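Reading through the C-alpha cells given below for one structure.
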Amino acid sequence: DIPELELKPEVDVLLSTNAEMIETLEQCVMNWQTQITVFIEEQQNKKPQAPGPMAEIAFWQERASILCALSEQLKEPMVKKIMLEMTKADAAIVQTLEGTVAELNKYRVESDDNLRFLSTLERHFMNLATGSHFGVILETIPPLMDSLQIVWIISRHYNTNERMLPLMERIAWQLCERVSQVVDVSTIFKEKREMAKSMARDAKQVLDQWKTSYFVVRAEIEESGRGARWEFDRKRLFERTDYMASICQDLYNVLQVLVEFYNIFGPELKGVTRDQKRIDEVLHRVDALVLPIEEVRFNPFDMSNKSSWKTIMRDFDSTAQVSIITQEAIGNHLMRKFNDILAQYCKEVDSIIEIFQTNKDKPPFTKDEPPVAGSIRWVRSLLYRIKCTILPFLEVPEMQESEKCKYTQVALQFRDYETQKYEDWLTETENTLPLLMKKNLLTVIKNSSASDNKLQQRKRFLVNFAPEITEIILETNSLGSLGYPVPDVAQNVALQKHRFIRTVKEVMHSGCKRINWYSLGISNFIKQGLQVVSKFKLVINQIQKNESEIDAKLQSMVMANLLKVPVLDKSNELPGLKEFCERIERERAKTVHVLKRKYTDIRALITKTEHLIMETSSGKAKSMVDYYSHWERKVMDSLVKMILRNLQAFNNALMGSAVLFQVDAILSAPKIVLQPQSKEIYWLLMQCVRDCVESTKQFVRWMRGTCIECPPQRVGTEEEMVTFSFYTDMCQHPQINESAMTVSQNIQRLFFSVERYLSHWKRYRPLWEKNKLISNEKFAERKPSCVMYDDKLQFLSRINQEVLSEPLFKTFHIVHLNLEPLLHTVHKTVESYIISLGSLLKKSAKEELYSLKDELMVLICVFFFVCTTTLHL
C-alpha cells in the first residue's frame, strides 16, 4: 500500500509539518521491507510445476514477469518520494530496504538472464516434447547438446552443476516420457512387424544418442579448455535411459524372433506343402509367444519392475527356444534344396545375359515408348528378374560367393548400359534441341524438274515440326518418371507439347478439310496462319522473358547481403558491439523485406507463364507440377547459396584487417575483463549468424504440386500453428552448419588472442590485489629510512611511466581493443599508491622533525643553563 502524499512540497517542509505522516511512511516502508523479503523467500522456495524442460522455461518466465512488475512498482514517483523523505527522517530503515531491493534486483537480473538463454533452447525442447516421430528427436539431440554447451560457457548462472544437472535431468525425463508414450508393449505387437521393429529400434537410438551426444560435447569442452568440465552425476542422467534402452532392445529382439518365424511359415511354405493346417497351428503358437508380454500388469519401463520383466523375458526365451528347434528342423530340410535352387538361379542368370547380349543394340519396347527410355525400362526389367530371386539369399551364410559375384557383375553391366544410354541422349539433346527449335515453322519443297515459269513451279509448304522434337518430348517425360534429371531446355519444350499440337490442329484444320483452291478465303487462311505464328512467337518470347526475370530475381537473392558490415559515419567513430549488431540487424531486415517481395514476384511470374501456356492462373495446373517443382528447387538452391555466401563473407570479415567495432578493456578487480564480456560478444556475433539463417523463415514453402504458399498448419495435437518455410532445410543443410561452426570457432580464436594479449597486464595485478593503505602502513610500521621511501617511490614512478607508455589501443582483425579505460584505472591506482606512500613519508618526516625540534630545545635549555651557571660562578 502506498499512502497519499503530495509530490510538490520539499522534503524538509514535509518533515517539519507532519510528524504523523512521517510515522505512517515509516510503517509503510517497514511493511514494504517485510513484503519484499517474504516475496523473495517464496520465490526461492518455488519449483517448476512439471518434470519436463519446458516447465523450467515457464518457471523462469513467471519469475521474470513477477520480479519485473515488482521492480517497476518500486520505480513509481510516489515510491521515490517516500524513500527520499524517509532517508531524511530515518536513514537506517531506508538502507535496510535498499539492501532488500538490491537483492530483489539481483534475482530479477538472474531471471532475465536465465530466460534469455533458455529461450534459445525452447525450439529443441518443443521437438523433444511434440516431435512427430523419433527421427525428429534424433536430429534434435546433437544441436541441443551444442546449445547446452554454449549456455554452459556463456551463461553466468547455468554454468554450475547445481543448475545444469537438474536441467539435463529434465531433458532425460522428457526423452523417457516420449519413449514410454510411443512404445506401448500392449499394442506394439499388433502393429505391422516392420513398423514395430522400426519403432523399437528408433526408441533405443534416441536413448543411446542422448548419452553419446553428452560424452561428445563433454570431450569438446575438455579439449577446448573453455568453461568447467562436465562432471555430472551419470546415474541421475543415464540410469533410467540406459534401462529403457535395454527394454527397447528386448522388444526389438522379440519382434525379430517373430519375423523369423513368420518368414519361415509364410505363404511360400504353404504353397509347397499339403499340411497347411499344421502350419496355421504353428503360427498360432508363434502369436501366443508374446501374450505374456502384451498382458503385463506393470510398466516395463519402471526400474522397480526390473526383476519382473527379466522373468517374462526368460520365459519368452525358453518358450521360443523350443520353437526354434522346430524352426531349425524345417530350415535343415529346406537347406537340402538350397544347392538345387542356386543351380537353377545360375541358369536363369545365364539366360538373362544371353537375352541382353542379343538385344542390347535393338532392345524390344512398346510402340509408344521412346527408344532411350524404352531401352532403360527393358534392361531394368531384366535386372529385376534376377534381383528379386537372389535378394532373399544374400543374407544366407551358405550363399556361394560365385553366385553373388555373378549377380553383382551383371547388375554393374546393366547399370553401365543405362548410364551410357542416358548420357548419350543428354549430350545429343543439349546439342540438337536448340538448333531444332530455331527452325522456321514452315518449309518449302520445290520440284527441281519444274520449268522456270513461276506459275508452273510446283512447291509444297510443310509444317517444319521436326519429329526429333516429338521424340525428345517423349524421352523427357519418360526419363523424368524413371528418376533421371533432364535439361531445362527439354523440360520447357515438353511442357508446351500440348500447346504445339493443339495450335497446329486448330490453324491447319480448315486448310485440310474446308478450304480448296476455289475458296475465296485463301488469303484469310494465310493471314490467320501468319497471325498464329506471330502469336506463338510472342508467347515463346514472353515465357523466355518471364524465366529471365525469375533468374534475375534468384541471382539477386544469391547476391543479397544479409550480414552487411556497417560503414563508418563522418565522425569515423567506431561503434560498440551492440550498436554494430543492431546496424547489421536493421540492414538485414530491409534486405529480407526486399527479397520477400521478389519471392512473391517469382510466384506471380510462374502464374503468368501458366496463363500463357494453359490459359489458367490457378497456380496449381496438374500438367505444370514439374515446372513448379523445378522453380521451387531453384529457389532453395539460391537460398542455400545466399546463406553460404553471407556466412563466408562474414567469416572473411571477422578474420580480415578492417576494424569494424570497438571493445573496451576495463579493470574489474581482481580481473581484467572486456566490456562487453567475451561471452556476451560471442553470443551477439553468433546471434547475427542465427538471424541470417532464420531469415529464410520469411520464404514460405509451396503446397505440393503448386506454386501457392502453404498456409499455417496444425501439427499433431498442438494448438500453435506451424508455418512451413525453407528454414527447416537451411538449418539441416550440412554445408551451412559447417560454415556456421567455422564462424563460431573463428570468433572463439579471435577473442582467445585478445585475452592472451591482456594477460601481460597481469604483471600489474599486485597493485589492485593488495590494499594500498594496509600495505603502505605495514611498510611504515617498519620505520624505513628516507632512502627506503625514495627507493619505493622511484619503483612506483617507474611502474607509472611503464603504464603510461602502454598503447592506448590494439587491433585484432575486426576488433578495436580500447585500452584507455584500463590504462587510466591502473595509472590512477599507481598514483594513489604514490600519494598514500607520500603522505606516510610526510607524516614520518614530520614526526622526526618534531622529535628533532624537541631534542634541540632540550639542548638549548641545557646550553643556556650551563652558560648562566658559568656567569654566576
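Going by the UniProt record's numbering, 786 is the number at position 786 of the sequence shown; the sequence numbering is gapless. Cβ coordinates follow ideal geometry from the N, Cα and C atoms, glycine included. Note that the structure is predicted; figures quoted are calculated from it, not measured.
### Message
Let's test the definition: count the other Cβ atoms within 10 Å of the Cβ of Leu104 and tell me whether it reaches 16, buried, or not, exposed.
### Response
Mapped onto the sequence shown, residue 104 falls at position 104. Buried.
### Task
Please work out which residues of its chain come closer than 7 angstroms, Cβ to Cβ, to Leu455, disregarding the five sequence neighbours upstream and downstream, and give them in chain order.
Stepping through the sequence shown from its first residue, residue 455 is reached at position 455. Any answer about Leu455 is weak, because its pLDDT of 40 lies below 50 and its placement is not dependable; what the coordinates show is given next. Once the five neighbours on either side are set aside, Leu455 has no close Cβ partner at all.
### Query
Between Val282, Asp250, Ile247, Ser246, which lies nearest to Asn263 when the distance is taken from Cα to Cα?
As a first step, residue 263 must be located in the sequence shown, where it is residue number 263. Minimum Cα distance to Asn263 is reached at Val282.
### Task
Could you check if Thr408 is buried or exposed, using at least 16 other CB atoms within 10 Å of its CB as the buried criterion?
To locate residue 408, count along the sequence shown from 1; it is residue 408. Looking at its Cβ environment, which holds fewer than 16 other Cβ atoms inside 10 Å, Thr408 is exposed.
### Task
Assign Arg714 to one of three DSSP states: helix, strand, or coil.
As a working mapping, residue 714 is identified with position 714 in the sequence shown. If DSSP states are grouped into helix, strand and coil, Arg714 belongs with the strands.
### Query
Which word fits Asn45, buried or exposed, when buried means at least 16 other C-beta atoms lie within 10 angstroms of its C-beta?
Numbered from 1 along the sequence shown, position 45 holds the residue referred to as residue 45. It is exposed - the Cβ of Asn45 has fewer than 16 other Cβ atoms within 10 Å.
### Message
On the criterion of 16 or more Cβ atoms from any shown chain inside 10 Å, does Tyr417 qualify as buried, or is it exposed?
### Response
Taking the sequence shown and counting its residues from 1, one reaches residue 417 at position 417. Tyr417 is buried by the Cβ-count criterion.
### Query
Taking the C-alpha atoms as reference points, what is the distance between Val866 and Tyr764?
Against the sequence shown, residue 866 aligns to sequence position 866. Against the sequence shown, residue 764 aligns to sequence position 764. The C-alpha of Val866 lies about 59 angstroms from the C-alpha of Tyr764.
#### Entry: For Ala665, the residue or residues it bridges with in DSSP
By 1-based counting over the sequence shown, the position of residue 665 is 665. Note: Ala665 sits in a beta bridge opposite Leu674.
### Query
Got a sec, what are the start and stop residues for the alpha helix (DSSP H) Thr742 sits in?
Numbered from 1 along the sequence shown, position 742 holds the residue referred to as residue 742. 734 to 758 is the extent of the alpha helix (DSSP H) around Thr742.
#### Entry: Reduced DSSP category for Leu660 - H, G, I as helix; E, B as strand; rest coil
Looking up residue 660 in the sequence shown gives position 660. When DSSP states are grouped into helix, strand and coil, Leu660 belongs to the coil group.
### Whole-Å CB distance - Ile620 paired with Ile708, under 8 angstroms assumed
What you label residue 620 is simply residue 620 of the sequence shown in a count that begins at 1. What you label residue 708 is simply residue 708 of the sequence shown in a count that begins at 1. A small correction: the amino acid at residue 620 is Lys; Ile does not occupy that position in the sequence shown. Yes, they are in contact, since the Cβ atoms of Lys620 and Ile708 sit about 6 angstroms apart, within 8 angstroms.
### Query
Using the rule of at least 16 other Cβ atoms within 10 Å of the residue's Cβ for burial, across every protein chain shown, is His733 buried or exposed?
What you label residue 733 is simply residue 733 of the sequence shown in a count that begins at 1. Using a 10 angstroms sphere on the CB of His733, the tally of other CB atoms reaches 16 or more, which defines it as buried.
### Task
Helix, strand or coil for Asn818, going by three-state DSSP, please let me know.
Translated into positions along the sequence shown, residue 818 becomes position 818. Shown here, Asn818 sits in a strand according to DSSP, grouped into three states.
### Continuous beta strand (DSSP E) stretch holding Phe809: start and end
Position 809 of the sequence shown holds residue 809. Start and end: 809 to 812.
#### Entry: Spatial neighbours of Ser753 in its chain, beta-carbon cut-off 7 angstroms, leaving aside the 5 residues before and after
Position 753 of the sequence shown holds residue 753. Result list for Ser753: Phe812, in chain order.
### Message
Measuring straight from C-alpha to C-alpha, what distance separates Cys68 and Trp60?
### Response
Here residue 68 refers to the residue found at position 68 of the sequence shown. Here residue 60 refers to the residue found at position 60 of the sequence shown. Note on geometry: alpha-carbon atoms of Cys68 and Trp60 lie some 12 angstroms from one another.
### Task
With DSSP as the reference, label Val109 as helix, strand or coil.
Reading the sequence shown from its first residue, position 109 is the one you call residue 109. In the structure shown, Val109 sits in a helix (DSSP, three-state: H, G or I).
#### Entry: Residue from Lys564, Val532, Glu610, Glu56 with nearest C-alpha to Gln544
Translated into positions along the sequence shown, residue 544 becomes position 544. When C-alpha distances from Gln544 are compared across Lys564, Val532, Glu610, Glu56, the shortest belongs to Glu610.
### Query
Roughly how far, in whole angstroms, is the beta-carbon of Ile736 from the beta-carbon of Ile643, given that I think they are within contact range, below 8 angstroms?
Within the sequence shown, the letter at position 736 stands for residue 736. Within the sequence shown, the letter at position 643 stands for residue 643. The C-beta separation of Ile736 from Ile643 comes to about 5 angstroms, placing the pair in contact by the 8 angstroms criterion.
### Query
Identify the residues that DSSP records as bridge partners of Val722: which are they?
Translated into the one-based positions of the sequence shown, residue 722 becomes position 722. According to DSSP, which records beta bridges pairwise, Val722 is partnered with Gln713.
### Task
Going by CA-CA distance only, name the one from Glu549, Arg240, Lys553, Met30 that's closest to Val94.
Here residue 94 refers to the residue found at position 94 when the sequence shown is read from its first residue. Considering only alpha carbons, the answer is Met30.
#### Entry: Element boundaries [alpha helix (DSSP H), containing Phe795]
Taking the sequence shown and counting its residues from 1, one reaches residue 795 at position 795. Under the DSSP assignment, Phe795 falls in the alpha helix (DSSP H) whose first and last residues are 786 to 804.
### Query
Which class does Gly52 belong to by DSSP, given the choice of helix, strand or coil?
Looking up residue 52 in the sequence shown gives position 52. In the three-state DSSP reduction, Gly52 falls in the coil class, being neither helix nor strand.
### Task
Just confirm the distance between the C-beta atoms of Cys692 and Arg603, as a whole number of angstroms; I'd bet it's less than 8 angstroms.
In the sequence shown, residue 692 corresponds to position 692, counting from 1. In the sequence shown, residue 603 corresponds to position 603, counting from 1. That belief does not hold up - the Cβ atoms of Cys692 and Arg603 are roughly 24 angstroms apart, past 8 angstroms.
### Query
For Ala288, which option in Phe316, Phe301, Ser307, Lys277 has the closest C-alpha, if you only look at C-alpha atoms?
By one-based count along the sequence shown, residue 288 stands at place 288. Of Phe316, Phe301, Ser307, Lys277, the residue nearest in Cα terms is Phe316.
### Task
Could you check how far apart the C-beta atoms of Ala129 and Gln174 are, in whole angstroms? I think they sit under 8 angstroms.
As a first step, residue 129 is located in the sequence shown; it is residue number 129 there, counting from the start. As a first step, residue 174 is located in the sequence shown; it is residue number 174 there, counting from the start. About 6 angstroms; that satisfies the 8 angstroms criterion.
### Task
Verify whether the separation of the beta carbon atoms of Leu667 and Leu562 is less than 7 angstroms.
Start at 1 with the first residue of the sequence shown, and residue 667 comes out as number 667. Start at 1 with the first residue of the sequence shown, and residue 562 comes out as number 562. No; because the gap between Cβ atoms is not below 7 angstroms, this pair is not in contact.
#### Entry: Distance, Lys192 Cα to Pro364 Cα
For the purposes of this step, residue 364 is identified with residue 364 of the sequence shown, where counting begins at 1. For the purposes of this step, residue 192 is identified with residue 192 of the sequence shown, where counting begins at 1. Distance between the alpha carbons of Pro364 and Lys192 is about 40 angstroms.
### Query
Nearest-angstrom Cα distance between Trp683 and Gly374?
Counting from 1 along the sequence shown, the entry for residue 683 is found at position 683. Counting from 1 along the sequence shown, the entry for residue 374 is found at position 374. Cα-Cα distance, rounded: 58 angstroms.
### Query
Pick from Phe238, Val349, Ala653: whose alpha carbon is nearest that of Val743?
As a position in the sequence shown, residue 743 is number 743, starting the count at 1. Out of Phe238, Val349, Ala653, the CA that lies nearest to the CA of Val743 is found in Ala653.
#### Entry: Distance, Ile141 Cα to Phe117 Cα
Working through the sequence shown from its first residue, we reach residue 117 at position 117. Working through the sequence shown from its first residue, we reach residue 141 at position 141. Whole-angstrom Cα-Cα distance: 17 angstroms.
### Message
Could you pull the DSSP bridge partners for Val700 from this structure?
### Response
Reading the sequence shown from its first residue, position 700 is the one you call residue 700. Looking at the DSSP output, Val700 bridges to Ser725.
### Query
When you compare only the Cα positions, how much space is there between Glu110 and Ser71?
Mapped onto the sequence shown, residue 110 falls at position 110. Mapped onto the sequence shown, residue 71 falls at position 71. Cα-Cα distance, rounded: 13 angstroms.
### Segment contact flag, the segment 623 to 641 with the segment 787 to 805, C-beta cutoff 8 angstroms, min 3 pairs
Output reads no: the segment 787 to 805 does not touch the segment 623 to 641.
### Message
How far does the alpha helix (DSSP H) with Tyr252 in it extend, from its first residue to its last?
### Response
Along the sequence shown, one-based indexing puts residue 252 at 252. For Tyr252, the enclosing alpha helix (DSSP H) has its first and last residue at 234 to 264.
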